[in-house]
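Asks:
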Amino acid sequence: TIEGLAFEDLVIDYGKSIAYLVGDYRALWFNSYNLSDLKDKKRGKIYMFDIEAETFKQLHLKNYPFEHFHPLGVNLLKGKNDRLHMTNYRMNNGEIIGSVEIFEIDSSNGDQIKWIDSVVNPLFTAPDDVLIIDENTFYLTNVYHYTKDKSVLMHTFEVFAKRPWTELLLCSKTKQWTCSVIIDSIILANGIASSLDYKTIYVASSIEKRVRVYQRHAENNSLTYTQSLYAPFLIDNINVDPYDQLSVAGHPKAIEFFLHVANPTKYYAPCEVILFRNPKSSSTYETLLLTRGELLSASTIGALYKKHLLVGGLLDPGILLCHDIL
534 TIEGLAFEDL VIDYGKSIAY LVGDYRALWF NSYNLSDLKD KKRGKIYMFD IEAETFKQLH
594 LKNYPFEHFH PLGVNLLKGK NDRLHMTNYR MNNGEIIGSV EIFEIDSSNG DQIKWIDSVV
654 NPLFTAPDDV LIIDENTFYL TNVYHYTKDK SVLMHTFEVF AKRPWTELLL CSKTKQWTCS
714 VIIDSIILAN GIASSLDYKT IYVASSIEKR VRVYQRHAEN NSLTYTQSLY APFLIDNINV
774 DPYDQLSVAG HPKAIEFFLH VANPTKYYAP CEVILFRNPK SSSTYETLLL TRGELLSAST
834 IGALYKKHLL VGGLLDPGIL LCHDIL
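One rule links them: number in the numbering used here = place in the sequence shown (from 1) + 533.
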């Protein structure tokens, strides 16, 4: 484990055999949804993990201008200068706000990432995951409409009454960033990923236990629903590997998951990761991992690299690395 950091999401640069891990001390604030009480844990940390060597290196934030940094979802854009987009929670005038922070991976300094921009929009009710299309375009999921700091009652009602109140946003930039709702009526929109050619977009609908599959129209980034892939658990984050296979992580026992969120040191929450080998054409999946949560609880991401499976959790520190998984 690394200093008590939980890595809710990660993204793999398959060409370089490294993973970027977004870490935060989420167990300290996630249940109360209160950042103002954090005294010395105001910023999470980003690590680069060399999968072959199994070594970690912290990437320091250059030019990041805000006091708080609590990253959640992450995506990688390959290019002349690689970029990372992260969903983030921070304080603004005494309130928690959700944002998307944009960083450039500094090729001249392997120990840091350089902050480029921050995107904030009134439509960001609870930013969860982000999918980059290009430097000026990304999709964003809202996992909740009501967060605990806005209304505990409405947040609880939304989750347990399975209200379809969340959405997928499309954000684009000409002179400034603008965002719009592109898909609505999702029950807890969570992870998002694309096929290798970006023609197929996968969106997790957590409570529905399904991944919605959409055809993307490149001319305007609109989406057309095509099918759903069902999982035997509450779906969290999803990942596409170099073979266009879709791995899906989540929470097979809802009650144990919510007990773990309320008291992570007392209760385990099971982990499960499944793999759709042909997600565009088949709903058949195979199980890659199923545990009671004793090693790592509440799996939020499972990403395949060759025969290795990297698993992150919601609140538990560190990552789970499984070998010879296929």
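Even glycine gets a Cβ: it sits at the ideal position worked out from N, Cα and C. None of these values were measured; they are calculated from a predicted model.
Let me make sure I understand the geometry here. Which of Asp717, Ser718, Gln709, Arg745 has the alpha-carbon closest to that of Ile725?
Replies: The shortest C-alpha separation from Ile725 is found at Arg745.
Asks: How is Ile771 classed by DSSP in three states: helix, strand or coil?
Replies: If DSSP states are grouped into helix, strand and coil, Ile771 belongs with the strands.
Asks: Tell me which residue opens and which closes the beta strand (DSSP E) that Glu691 is part of.
Replies: Taken as a continuous stretch (DSSP letters only), Glu691 belongs to no beta strand (DSSP E), being part of the alpha helix (DSSP H) at 685-693.
Asks: Give the range of the beta strand (DSSP E) segment to which His603 is assigned.
Replies: Residues 603-610.
Asks: Measure how close the beta-carbons of Pro812 and Tyr735 come, nearest whole angstrom, since I'm counting them as under 8 Å.
Replies: With 8 Å as the limit, Pro812 and Tyr735 qualify as a contact, their Cβ atoms being about 7 Å apart.
Asks: Quick check: the segment 540-553 against the segment 829-849, are at least 3 beta-carbon pairs closer than 8 Å?
Replies: These segments touch.
Asks: Output needed for Arg623: all residues of its chain with C-beta closer than 6 Å, excluding positions within five of it in sequence on either side, in chain order.
Replies: Correct list, in chain order: Phe599, His601.
Asks: Within the continuous alpha helix (DSSP H) that includes Ala787, where are the two ends?
Replies: Note, Ala787: alpha helix (DSSP H), 787-795.
Asks: Which of the three DSSP states is assigned to Leu561 in this structure?
Replies: Helix at Leu561.
Asks: By Cβ distance below 8 Å, which residues in the same chain neighbour Tyr864 in space, the five residues on each side in sequence not counted?
Replies: One cannot answer for residue 864 here, as it falls past the ends of the chain, which runs 534 to 859.
Asks: Three or more beta-carbon pairs under 8 Å between the segment 706-715 and the segment 645-665, yes or no?
Replies: The segment 706-715 vs the segment 645-665: in contact.
Asks: Counting pairs of beta carbons, one from the segment 660-677 and one from the segment 697-713, are three or more of them closer than 8 Å?
Replies: At 8 Å Cβ cutoff, the stretches touch.
Asks: So, at 6 Å on beta carbons, what are the nonlocal neighbours of Ser761 in its own chain, with the 5 sequence-adjacent residues on each side left out?
Replies: Hits under 6 Å: Arg743, Arg745.
Asks: My assumption, with CB atoms under 8 Å, is that His593 sits in contact with Asp644. Please give the rounded CB distance.
Replies: The Cβ separation is near 6 Å, so the contact holds.
Asks: I'd like the list of long-range same chain contacts for Ala751, defined as Cβ closer than 8 Å, with 5 residues on each side in sequence excluded.
Replies: Correct list, in chain order: Tyr731, Lys732.
Asks: Name the DSSP beta bridge partners of Val844, please?
Replies: BP columns for Val844 point to Gly835, Leu853.
Asks: Label Arg749 either buried or exposed according to how many other C-beta atoms from any shown protein chain fall within 10 Å of its C-beta, with 16 as the threshold for buried.
Replies: Answer is buried; the Cβ neighbour count reaches 16.
Asks: Is it true that the CB of Phe582 sits closer than 9 Å to the CB of His618?
Replies: No, the Cβ-Cβ distance between His618 and Phe582 is not below 9 Å.
Asks: Ser758: which of Thr798, Phe766, Ala737 sits nearest, CA to CA?
Replies: At residue 758 the sequence reads Tyr, which differs from the Ser that was named. It is Ala737.
Asks: Taking the DSSP output, what are the residues bridged to Val781?
Replies: According to DSSP, which records beta bridges pairwise, Val781 is partnered with Ile771, Ile807.
Asks: Taking the alpha-carbon positions, what's the Ser565 to Tyr558 distance?
Replies: Rounded to the nearest angstrom, the two C-alpha atoms are 13 Å apart.
Asks: Looking at C-alpha atoms only, which residue of Ile771, Asn626, Leu702 is the closest neighbour of Phe809?
Replies: Nearest of Ile771, Asn626, Leu702 to Phe809, Cα basis: Ile771.
Asks: At which residues does the beta strand (DSSP E) containing Gln760 begin and terminate?
Replies: Counting along the chain, the beta strand (DSSP E) containing Gln760 begins and ends at 755-763.
Asks: So who's on the other strand from Gln591, going by DSSP bridges?
Replies: Beta-bridge pairing links Gln591 to Tyr580.
Asks: CA-CA distance, Thr588 and Glu691?
Replies: Approximately 41 Å between the Cα atoms of the pair.
Asks: At the level of alpha carbons, what is the spacing between Ser832 and Lys572?
Replies: Each residue's Cα considered, the two are about 28 Å apart.
Asks: Per DSSP, Val744 is paired with what?
Replies: Its beta-bridge partners are Ala737, Leu762.
Asks: Give the straight-line distance between the Cα atoms of Leu823 and Ala782, rounded to the nearest whole angstrom.
Replies: Cα to Cα, the separation comes out at about 10 Å.
Asks: What number of angstroms, rounded off, separates the C-alpha of Ala836 from the C-alpha of Leu779?
Replies: For Ala836 and Leu779, the distance between alpha carbons rounds to 9 Å.
Asks: Assuming the contact rule is C-beta atoms closer than 8 Å, Ile535 and Gly556 should be a hit. Round their C-beta distance to whole Å, please.
Replies: Sure, about 7 Å apart at Cβ, within 8 Å.
Asks: Keeping to the same chain, check which residues put their C-beta closer than 8 Å to that of Leu729; ignore five residues upstream and five downstream.
Replies: For Leu729, where only same-chain residues beyond five positions count, the Cβ hits under 8 Å are Val773, Pro775, Asp777.
Asks: Would you kindly check if the distance between the Cβ of Pro797 and the Cβ of Ala560 is under 9 Å?
Replies: Their beta carbons are under 9 Å apart, which means Ala560 touches Pro797 by this criterion.
Asks: Quick one, which of Glu741, Glu541, Lys590 has its alpha-carbon nearest Ile551's?
Replies: Minimum Cα distance to Ile551 is reached at Lys590.
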